[in-house]
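Heads up: the protein sequence lines correspond to chains A and B, in order.
Each residue of the first sequence is one higher than the one before, counting from 1 in full-length UniProt numbering.
Each residue of the second sequence is one higher than the one before, counting from 1 in full-length UniProt numbering.
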Amino acid sequence: MNPLQDADPLQSPQYSNSESSLVLPKIRASPVASLASLPYRRSNPSLSSLFASTASILPKSRSGSVTPTAPLVAGSVFSPGATHGAASLPSTPQGSQPADEARTLILRSFVPHVGVFASADTDELVRQKGLSGGFVELVRPFGECVHGKVTIRDSIGASRSWDDFGIRFTGLRDGIGVPPGGTRRSTDSRPGTANGYRSSTEGSDAAWLRVGGDVRSIEEVVDRHLAYAEEQSGPTDYLNHKQNTAETPIATSPFYALYLRKLLSSLPMAPHETFSHPVACVLAISSRSPSPIEELRRLYTATSTGDQRLPHWVNNEFLRYYVLVHDEDHDDISKSTSLFEQMKRHFGLHCHLLRLRTNQCVSSDEDCIRIPTCEWISASEELAEIHRRETAEDISDPNIYLHESDAAALRTFVRELTTQSIVPVMERLIATWNEQVASRRRGISGRFMSLSKKWSPFSSSRTSSSPTSGNPSNSNYDSLQGFYRPDSPEATMRKLADYAFMLRDFKLASSVYDLLRTDFNTDKAWKHYAAANEMCAIATLMTPSNLSSKSRTENVDQMLESASYSFLSRCGAPFYALRTLAMGLELLKLRGSSAADDAARWATKALEMRVVGPVGEALFTERVSACYASRKGTGSMSWGSRRRKAAFWAVLAADSWVKLEKGVQAEKCLNEAGRLYGVDADGAMDLPFEGMRIFMQALGETVRALRRARRGYDRAREEREEDEETLAEEEMVEEISETLDRRPHRKSLVGVGAGPMGPLDTPLSPLRSAEDEPRFKDDQFE
Amino acid sequence: MSYYFTIIGTKDNPIFEHEFGTSKQGGDGVARFREEARHMNQFIAHASLDIVEEVQWASGQMYLKLLDRFPPATYISGFITANNVKFLLLTCPSDSAPSRSSITSAASARSSSYPSSATYNPTAPATEEAVKSFFYEVYDAWLKTLMSPFYHINTPIGSPVFRSRVAAAAKKYL
């Protein structure tokens, strides 16, 4: 079934079984780390597996290729594609292939969304397996990366296979939930409480949790990850100190990657873009149902006219996919097979029989795998999960295990759904729309008039005869409610472009977006206009071909400019503005050194527009520095490099981190700045400007103070638990590490005497106890 | 409007620094930088050397015009002499000095004492001409300092005469 699993000895199920128990010993493996990782409630294994996505900066994951972090193991068991995908995500070991990271991220974030709507008994069946979220939660992790290659034909008929294609399973109405802040009001009149079929305890909560697009919760998640990293990094960091500075500086910080990923996760459903509109809807019933066909009909009606009907700006003619979940442990397969035959007769090809066992699987079972962690859950959902695990009293294993046969069945289901239904349907729709709508618009006469003026193959009668509400001009745009009807040519074009983007046909996508830009502009549909500009720029940059720098500066810059301006000033949608800028800058950065300036400019712009919070500010400042640093100069003097600018922004980033009291990050930035300025990070002796020198020194002092405070914190913990001897030992190790950081040779430490030891005398309460000893220890050491 | 003027030597070392305010539109010629601007100005000036090194090959002029800007509102103009000494002039139209906090805190400097600060356009011909004249005047003074037998190249200029001549040029043009 899964030959690749055998290929890699590290991926045996047994290994993943013991994953959670491995986390702690792994930290303890390093002699110094063992001192820090004493029992502490918040660092329980379940929590650390959550933070694993950014844990690559932590020494424990670097220490070997066997990374016991959740996504990697889960992904590798699950499919070869996942390993590939996961490797390009933040859990990448440093600098393996940072070049394409952002591109992969964007590729993997704009994927077809599939709504899931399961009958009550199906959800109940899944809940028996231990998943409280019902059927969606069961299939969701498996959709993130479709097993095996997916071949997609583009508009000119060329086929291309993708390893990392995925689909996103969501609850059907998840995307329109209103976050608690109430920042976004959907035009839908019914709030998202109508989830009668999902468990009533979770229903309304989960609905808004699964919506992304909230910058504040993104900030908070990243902040939690940062806090965790700070905590974990304790005294170990001096072991890797040199290694850290020697690393390639351009590697993306895992926290920035996390920020980006959360920014692109669970896009909210909105009228102006159709990425999160369902491409298909999975209707699931179980073999327990007494009248299955009736049940399916009921589900169908609920999605098309009933209480699961999406708001009317969503095209409701998406594909329905019928799934029969068979209970292997309790029900009769022959009955289910005959039922399935009946379903096929009724509903045609888009059916699947999913055979699952309902007995709960425990980690000690023989053929079980851990259910993979979702990478693309929204920030608020991840936050809720972190919170739940933190407050959980027991540190029992929160992971849910599945039988291998179940996982295989789910993989097959997702693969079949994708390759046999979703992709072909999308390809067909793209071809149809391209022919019927877009090509007319592109023709001679189409160039001179907008779509709504003349060509409306789907609704020609409507525009001419019925003057719809709220559009005095002759356009399809409903300016009162702010959307195009889903059957209007503009909406169809937008859908065409989005589908093409999701199927990675960027040429077609960018050309259609380009057409739409002008139409939306004439209609003054600003949000649509901004979104079209955004995606046009992104699609242009995603096209693998080379862009001349002229067309880049002329077109892409202008599109990014008007997109960010319209989103922020005209529509008051800072999230989208931030998304535009973040994607734009990342893709520009990939375009080599000539575009790095532009990338840095957009990052600066994101800071300037104040669309990011404090954490984002620090991350983006760091990013500006990275953009400038990636610009290489020419010649022996490297004319045209941006060394000083990169260093300057690194200093600014360090300053921001210090303000957030994130010592580890600040130190990283400061070291980077020192490297770029060509001075010793701590000495800062050679900076010509006095003000700069003083500032760098002050910053260095603060960073060191933060580091000491962190250690003091560790020590306070030690003191509670450990006896005096270990404490003294550790003190010694750390005292030296402190000075080693500052001076390359121990000799100089002795020579200088009290000078560099000065800052150590600060009365820092936990240090107090051991403070009398350093001089003695130094003697001993020398 | 506040200005920070610096002369930077061939090894990125500062030779001369001077802060002043505008004397036009009723300005009193006193710089109104915040406390943290002291090092920020130096950082910004130092960072824009990257741009100078790029632009110097593209233009045949000594006056390099507007080189760079730093958000929210700091503009850097440059001038390069024959022996690779750079003159940099930082212009802060509003009194909110170039600081990171002014990026995050909303535009606090609405109560600017200079009416022109909101409408300052660094690429307007009049502005460019004024900056150019200032640079050339300073250049003259600098050449004379250079001819002094007691001055060694690439060392800080301590001459009070030079400083007063820079101040006079600033008062005259900016």
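Glycine is no exception: its CB is placed at the ideal position from the N, C-alpha and C atoms.
| Asked | Found |
| --- | --- |
| Classification of L587 of chain A by the beta-carbon crowding that lies within 10 angstroms, buried from 16 upward | buried |
| is_contact[F575 of chain A, chain B] using C-beta, thresh 7 Å | no |
| Interface positions of the region 595-616 of chain A facing chain B (Cβ-Cβ less than 7 Å), listed along the chain | T604, L607, E608, R610 |
| Delimiting residues of the alpha helix (DSSP H) encompassing R662 of chain A | Per the sequence shown, the amino acid found at residue 662 of chain A is Lys instead of Arg. Segment: none, K662 of chain A is in no alpha helix (DSSP H) and carries neither H nor E. |
| Distance, L676 of chain A Cα to D505 of chain A Cα | 40 Å |
| Assigned secondary structure, T74 of chain B (DSSP; H/G/I helix, E/B strand, else coil) | strand |
| Chain-ordered chain A contacts of D12 of chain B [CB-CB under 7 Å] | P688 |
| Nonlocal neighbours in the same chain, by C-beta distance under 6 Å from D329 of chain A, ignoring five residues either side | R357, T358, N359 |
| Any chain A beta carbon closer than 7 Å to Q61 of chain B | no |
| Distance CB(V437 of chain A)-CB(T492 of chain A) smaller than 7 Å | yes |
| Residue-level contact to chain B via CB, F648 of chain A, 7 Å cutoff | yes |
| Beta-ladder partner(s) of F87 of chain B, from DSSP | B:I7, B:F79 |
| Contact belief for V658 of chain A with L607 of chain A at Cβ below 8 Å, rounded distance in angstroms | Not quite, the Cβ-Cβ distance comes to about 17 Å (not below 8 Å), so this is no contact. |
| Reduced DSSP category for T151 of chain A - H, G, I as helix; E, B as strand; rest coil | strand |
| Same chain, Cβ closer than 6 Å to L138 of chain A, neighbours up to 5 away in sequence not counted | V126, L131 |
| Selected residue, minimal CA-CA separation from T151 of chain A, among A:W162, A:W602, A:F142 | A:W162 |
| With 16 other Cβ atoms within 10 Å as the buried cut-off, status of G584 of chain A | buried |
| In chain order, each beta strand (DSSP E) run of at least 3 residues that lies wholly inside the region 260-298 of chain A | 278-286 |
| Sequence-distant residues of the same chain with beta carbon closer than 6 Å to A169 of chain B, five excluded per side | F134, E137, V138 |
| Which residues DSSP lists as bridging F483 of chain A, in chain order | A:D478 |
| Continuous alpha helix (DSSP H) stretch holding I333 of chain A: start and end | 333-347 |
| Rounded separation between D523 of chain A and Q481 of chain A - CA only | 14 Å |
| R485 of chain A versus A:S564, A:G306, A:H272, residue with shortest Cα-Cα distance | A:H272 |
| Whether K262 of chain A touches I218 of chain A by CB criterion (7 Å) | yes |
| Neighbourhood of S421 of chain A by C-beta, 7 Å cutoff - its chain only, sequence neighbours within 5 removed | A280, L319, Y321, H350 |
| Inter-stretch contact (C-beta, 8 Å, three-pair minimum) for the region 59-76 of chain B and the region 661-674 of chain A | no |
| Contact check, A141 of chain B vs R163 of chain B, beta carbons under 7 Å | no |
| Rounded straight-line distance, which links the Cα of A158 of chain A to that of S439 of chain A | 19 Å |
| Within chain A, partners of A47 of chain B - CB distance below 7 Å | R644, K645, F648 |
| Beta carbon proximity, A684 of chain A to chain B, threshold 7 Å | Because the pLDDT of A684 of chain A is 47, which lies under 50, any placement of that residue in the model is unreliable, and the number read from its coordinates should be weighed accordingly. Not one chain B Cβ lies under 7 Å of A684 of chain A. |
| First and last residue of the uninterrupted alpha helix (DSSP H) at I51 of chain B | 49-58 |
| Contact under 7 Å by Cβ, P112 of chain A with G175 of chain A | no |
| Cβ-based burial, R517 of chain A [other Cβ within 10 Å; buried from 16] | buried |
| Nearest candidate by alpha-carbon position, reference V211 of chain A, set A:E317, A:V703, A:K668, A:E382 | A:E382 |
| Collapsed DSSP secondary structure at S2 of chain B in the structure displayed | strand |
| Own chain, CB closer than 6 Å to R355 of chain A, minus 5 neighbours either side, in chain order | H326, E328, A409 |
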